[in-house]
Amino acid sequence: MITQHDLIFKQMDRQRAELYQRMQDRIQRAKQLGHICKDQINYLKSKIMDLEERINEANNEHFNKHVLQIDPKTAIDSLSAILSDDEDITELNRSKISDKSLNSSLFSDSKHNLDE
Numbered sequence: 006m007i008t009q010h011d012l013i014f015k016q017m018d019r020q021r022a023e024l025y026q027r028m029q030d031r032i033q034r035a036k037q038l039g040h041i042c043k044d045q046i047n048y049l050k051s052k053i054m055d056l057e058e059r060i061n062e063a064n065n066e067h068f069n070k071h072v073l074q075i076d077p078k079t080a081i082d083s084l085s086a087i088l089s090d091d092e093d094i095t096e097l098n099r100s101k102i103s104d105k106s107l108n109s110s111l112f113s114d115s116k117h118n119l120d121e
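So my numbering is basically just the index in the sequence shown, starting at one, shifted up by 5.
As structure tokens, then:
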């Protein structure tokens, strides 16, 4: 004969088994989601690395195109024009001459003041 106590015990045992099964299902689902997330993270990492590589290639192309591709003749012509600019040299000579004349006039003024 099944007593009230046995019925309650069986019901609790069945609930425990169902709860345990749900817990196992959730653990399994969490593991699956963990693997999916891990795969997604690895996929995104590879995409980021691809993008970084493309950016580096684009930067190198830009550098090579705009910095390294300077025409040597144009560079030499520009330097020659700068170095042979007579106007700057003439101006420099004028300032040196005016400095010398100013110095000599100051020197002669100070000499006259000492003589007096």
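Ideal Cβ placement from N, Cα and C applies to all residues, glycine included.
Item: Reduced DSSP category for residue 79 - H, G, I as helix; E, B as strand; rest coil; Value: helix
Item: Alpha carbon of residue 19 to alpha carbon of residue 48, nearest angstrom; Value: 43 Å
Item: Three-way DSSP call (helix, strand, coil) for residue 60 in this model; Value: helix
Item: Residue 66 to residue 81 span [Cα, whole Å]; Value: 24 Å
Item: DSSP state of residue 7 mapped onto helix, strand, coil; Value: coil
Item: Inter-residue Cα distance where the pair is residue 77 and residue 84; Value: 10 Å
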